[in-house]
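**Q** Dumping the structure here so I can ask a few things about it.
Chains as they are written, first to last, in the working numbering: chain W, 15 to 281; chain R, 1478 to 1753.
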């Protein structure tokens, strides 16, 4: 296990060093990414400017959900690029090579690339989070800071889990289907807003099937110290981030099942 | 054959269009994602509208139509560049383009029109069918796409959609000139693309931005991509005002074509083709 972790760090270091060879391009991409994500928040701000409030939620509170979603997605997106490209890996027959090595397949795929581009999104998300904690008068404690870290960690697990499932589907379809974007990009987008504004079927799906609410909304209201309008007890928010790790565990089990059914494209 | 002969350009556009129509599987997956995003956007707007103490400048039904039109035509937006042209610029093969007895700006413009039209048509029609007919069938009737405000509004919307394709393509060729300048870097496309997404009305409908920003947003070329057509479709802009909207698109298209030609000519003047 420790050995695997050290190997991953090695992969990551190589990837980062490679990207830093093109400093100007890296700087431009980071700034570009920062701008493209900043306009999303500008849109939320404009809606609050126009309507005043969102069904009883203030901009500062929504900013907390937005910030958690953004930081989480920035981390998971930069970690799981190798999984994102998995369709191409299968198509080219490169997965055979990965199978030959006596190391975890997922680890090798994650190690393929650790992209730094997402630093832009990360910065933007962090700035929004800091602003949110002032605008929503969050009363920080060590416990709450730990909960914030746990929900981000849980969220990274959840999104990597989704990417693992997306990659697994490529064993059968050979392509990585764009449908998964609805859950990754779409899920991230939906979790920027408080869960109660959505329809019951939608909320249930993102609580029990793809547990995005558990890594964003539920810990979010625990941090805000605000009772849930739907009556979910606040203690649930403190335990909810675990759902992310559980989701990743299940995804990895499905991945192993998929690997057993892998047929090389033979090229 | 002279550079003013229209046939080679027409043939190029048709070939490119047919090639792009091949990606039907990708379109299906994309359609699901687009419907999902559309539903989330509408749920968010619905929550804002429900509890609103003020009367928004855009009726809810029009906002729903605006969202679905945006989901249907988002591929039209100049936030992607033709990967082939990017490669031409990177590899220096752009020199081959210069050897052709064709005008480079026109050549790239027709390529881009084909690139913008094919995927949009692949998604526009099915997206409209889903938004019109499938949503009511699965119990989401209140978020269905409303019909155009009138027959005239529908016809004028079609005209403005064509205008949006031209406008977006002219804008994209200006981006290509930027690619020549930065040797295929991402800076210019990202900047223009981001501006287009924001000021074009894809993030939120333009009428919902603060009132003080309205005159600027309406005057910018990006309004012609989605906002003006959506206003015509929903009747927010009466058919009598549609002429001004179409004029806005055409004038900006003209300006961008002139700008694109000038920039390309300038870049080509000092171009150094590397390679061996």
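Each residue gets a CB set at the ideal place from its N, CA and C atoms; glycine is no exception.
Can you give, in chain order, each stretch of the alpha helix (DSSP H) that sits fully within the stretch 1517–1577 of chain R and has at least 4 residues?
**A** Listed in chain order, they are 1537–1550, 1560–1568, 1571–1576.
**Q** Would you say residue 107 (chain W) faces chain R, with C-beta separation under 8 Å as the test?
**A** Numbered from 1 along the first chain, position 93 holds the residue referred to as residue 107 (chain W). Not closer than 8 Å to any Cβ of chain R, the Cβ of residue 107 (chain W) fails to qualify, so no.
**Q** Which residue's Cα is closest to the Cα of residue 138 (chain W): W:275, W:232, W:49?
**A** The residue labelled residue 138 (chain W) in the question sits at position 124 within the first chain. Ranking W:275, W:232, W:49 by Cα distance to residue 138 (chain W) puts W:49 first.
**Q** In terms of DSSP beta bridges, what is residue 68 (chain W) paired with?
**A** As a first step, residue 68 (chain W) must be located in the first chain, where it is residue number 54. DSSP, once it has assigned bridges, lists W:71 as partnering residue 68 (chain W).
**Q** Residues in its own chain within less than 6 Å of residue 1599 (chain R) by CB, not counting five upstream and five downstream?
**A** In the second chain, the residue the question calls residue 1599 (chain R) occupies position 122. 1504, listed in sequence order.
**Q** Return the chain-ordered list of same chain residues with a C-beta closer than 8 Å to the C-beta of residue 1613 (chain R), the five sequence neighbours on each side being excluded.
**A** As a first step, residue 1613 (chain R) is located in the second chain; it is residue number 136 there, counting from the start. Excluding sequence neighbours, residue 1613 (chain R) sits near 1621.
**Q** Assess, as a yes-or-no matter, whether the stretch 1487–1498 of chain R is touched by the stretch 210–217 of chain W under the definition of 3 or more beta carbon pairs within less than 8 Å.
**A** Contact fails: fewer than three Cβ-Cβ distances are below 8 Å.
**Q** Residue 1594 (chain R) to residue 1734 (chain R), Cα distance in whole Å?
**A** Translated into positions along the second chain, residue 1594 (chain R) becomes position 117. Translated into positions along the second chain, residue 1734 (chain R) becomes position 257. Cα to Cα, the separation comes out at about 18 Å.
**Q** Less than 8 Å separating the beta-carbons of residue 1637 (chain R) and residue 1722 (chain R)?
**A** Taking the second chain and counting its residues from 1, one reaches residue 1637 (chain R) at position 160. Taking the second chain and counting its residues from 1, one reaches residue 1722 (chain R) at position 245. Cβ distance < 8 Å, so residue 1637 (chain R) and residue 1722 (chain R) count as in contact.
**Q** If the cut-off is 7 Å on Cβ atoms, which residues from the stretch 188–211 of chain W count as contacting chain C, listed in chain order?
**A** In the displayed structure, chain C is absent; the protein chains listed are W and R.
**Q** Of all the options W:203, W:180, W:184, W:202, which has the alpha carbon lying nearest to the alpha carbon of residue 194 (chain W)?
**A** Along the first chain, read from residue 1 onward, the residue named residue 194 (chain W) stands at position 180. Checking every option, the nearest Cα to that of residue 194 (chain W) belongs to W:180.
**Q** Which value, in whole angstroms, describes the spacing of the CA atoms of residue 1753 (chain R) and residue 1643 (chain R)?
**A** Numbered from 1 along the second chain, position 276 holds the residue referred to as residue 1753 (chain R). Numbered from 1 along the second chain, position 166 holds the residue referred to as residue 1643 (chain R). Residue placement at residue 1753 (chain R) is poorly supported in this model, since its pLDDT is 46, which falls under 50; the coordinates still yield a value, given next. Between residue 1753 (chain R) and residue 1643 (chain R), the C-alpha separation is close to 37 Å.
**Q** By the DSSP assignment, the alpha helix (DSSP H) with residue 233 (chain W) in it spans what residues?
**A** The residue given as residue 233 (chain W) occupies position 219 in the first chain. Residues 231–238.
**Q** For chain W, check one thing: does any of its Cβ atoms lie closer than 8 Å to the Cβ of residue 1544 (chain R)?
**A** By 1-based counting over the second chain, the position of residue 1544 (chain R) is 67. No, residue 1544 (chain R) does not count as interfacial toward chain W.
**Q** With distances taken between CB atoms, is the gap from residue 241 (chain W) to residue 254 (chain W) smaller than 8 Å?
**A** The count along the first chain starts at 1 and reaches residue 241 (chain W) at position 227. The count along the first chain starts at 1 and reaches residue 254 (chain W) at position 240. Result no, Cβ atoms of residue 241 (chain W) and residue 254 (chain W) do not sit closer than 8 Å.
**Q** Could you have a look at residue 1638 (chain R) and say whether DSSP puts it in helix, strand or coil?
**A** Within the second chain, numbered from 1, the residue matching residue 1638 (chain R) stands at position 161. Note: residue 1638 (chain R) maps to helix in three-state DSSP.
**Q** Is any beta-carbon of chain W found at less than 8 Å from that of residue 1520 (chain R)?
**A** Working through the second chain from its first residue, we reach residue 1520 (chain R) at position 43. Judged by the 8 Å Cβ criterion, residue 1520 (chain R) is in contact with chain W.
**Q** Would a check of beta-carbon distances place residue 1449 (chain R) closer than 8 Å to chain W?
**A** This structure gives no information on residue 1449 (chain R), because the portion of chain R shown stretches from 1478 to 1753.
**Q** From the DSSP output, in three-state form, read off residue 1648 (chain R) for me.
**A** Sequence index remark: in the second chain, residue 1648 (chain R) carries index 171 (1-based). The answer is helix: DSSP assigns residue 1648 (chain R) an H, G or I state.
**Q** Using CA coordinates, which residue listed in R:1730, R:1606, R:1585, R:1688 is at the minimum distance from residue 1490 (chain R)?
**A** Residue mapping note: residue 1490 (chain R) aligns to position 13 of the second chain, counting from 1. The option with the nearest alpha carbon to residue 1490 (chain R) is R:1585.
**Q** Along the stretch 1525–1550 of chain R, where does the CB come closer than 9 Å to a CB of chain W? Name the residues.
**A** Those residues of the stretch 1525–1550 of chain R that come within reach of chain W (Cβ to Cβ, closer than 9 Å) are 1525, 1526, 1527, 1528, 1529, 1530, 1531, 1533, 1534.
**Q** Taking Cβ-Cβ distances shorter than 7 Å, what residues in chain W pair up with residue 1509 (chain R)?
**A** Numbered from 1 along the second chain, position 32 holds the residue referred to as residue 1509 (chain R). What residue 1509 (chain R) touches in chain W: 193, 196.
**Q** Less than 8 Å separating the beta-carbons of residue 62 (chain W) and residue 78 (chain W)?
**A** As a first step, residue 62 (chain W) is located in the first chain; it is residue number 48 there, counting from the start. As a first step, residue 78 (chain W) is located in the first chain; it is residue number 64 there, counting from the start. Cβ distance not < 8 Å, so residue 62 (chain W) and residue 78 (chain W) don't count as in contact.
**Q** With three or more beta-carbon pairs closer than 8 Å as the criterion, would you say the stretch 118–131 of chain W touches the stretch 95–106 of chain W?
**A** These segments touch.
**Q** Buried or exposed: residue 1698 (chain R), going by 16 or more other Cβ atoms within 10 Å of its Cβ?
**A** Counting from 1 along the second chain, the entry for residue 1698 (chain R) is found at position 221. Looking at its Cβ environment, which holds 16 or more other Cβ atoms inside 10 Å, residue 1698 (chain R) is buried.
**Q** Of all Cβ atoms in chain W, is any one closer than 8 Å to the Cβ of residue 1478 (chain R)?
**A** Against the second chain, residue 1478 (chain R) aligns to sequence position 1. For residue 1478 (chain R), the predicted structure reports a pLDDT of 48, less than 50, and the residue's modelled location is therefore unreliable. The matter cannot be settled from this model.
**Q** Thinking C-beta only, is residue 57 (chain W) closer than 8 Å to residue 1519 (chain R)?
**A** In the second chain, the residue the question calls residue 1519 (chain R) occupies position 42. In the first chain, the residue the question calls residue 57 (chain W) occupies position 43. It is not a contact, given that the beta carbons lie outside the stated cut-off.
**Q** Beta-carbon within less than 7 Å of residue 1551 (chain R)'s beta-carbon, same chain only, minus the 5 sequence neighbours each way: which residues are those?
**A** Counting from 1 along the second chain, the entry for residue 1551 (chain R) is found at position 74. Taken in chain order, the residues that qualify are 1679.
**Q** What is the residue span of the alpha helix (DSSP H) that residue 215 (chain W) lies within?
**A** As a working note, residue 215 (chain W) is residue 201 in the first chain. Residues 214–218.
**Q** Pull out every residue of the stretch 54–79 of chain W whose Cβ sits closer than 8 Å to any Cβ of chain R, in chain order.
**A** Cβ contacts with chain R come from 54, 56, 57, 60, 61, 63, 64, 65, 66, 67, 68, 69, 70.
**Q** Quick one: measure Cβ to Cβ for residue 1543 (chain R) and residue 1682 (chain R), integer angstroms, because I've assumed they're closer than 8 Å.
**A** For this step, residue 1543 (chain R) is matched to residue 66 along the second chain. For this step, residue 1682 (chain R) is matched to residue 205 along the second chain. So it is a contact: roughly 4 Å between Cβ atoms.
**Q** Would you report the Cα separation of residue 274 (chain W) and residue 196 (chain W), rounded to the nearest angstrom?
**A** As a first step, residue 274 (chain W) is located in the first chain; it is residue number 260 there, counting from the start. As a first step, residue 196 (chain W) is located in the first chain; it is residue number 182 there, counting from the start. So the alpha carbons of these two residues sit roughly 27 Å apart.
**Q** Would residue 135 (chain W) and residue 198 (chain W) qualify as a contact pair, given that the criterion is a beta-carbon distance under 8 Å?
**A** Along the first chain, one-based indexing puts residue 135 (chain W) at 121. Along the first chain, one-based indexing puts residue 198 (chain W) at 184. Going by C-beta atoms, residue 135 (chain W) is not nearer than 8 Å to residue 198 (chain W).
**Q** Leaving aside the five residues before and after residue 1655 (chain R) along the sequence, list all residues of the same chain whose C-beta is less than 6 Å from its C-beta, in chain order.
**A** For this step, residue 1655 (chain R) is matched to residue 178 along the second chain. Excluding residues within five positions, the ones whose Cβ falls inside 6 Å are 1665.
**Q** Please list, in chain order, all residues of the same chain as residue 1738 (chain R) whose beta carbon is under 8 Å from its beta carbon, the five residues on each side excluded.
**A** The residue given as residue 1738 (chain R) occupies position 261 in the second chain. For residue 1738 (chain R), where only same-chain residues beyond five positions count, the Cβ hits under 8 Å are 1582.
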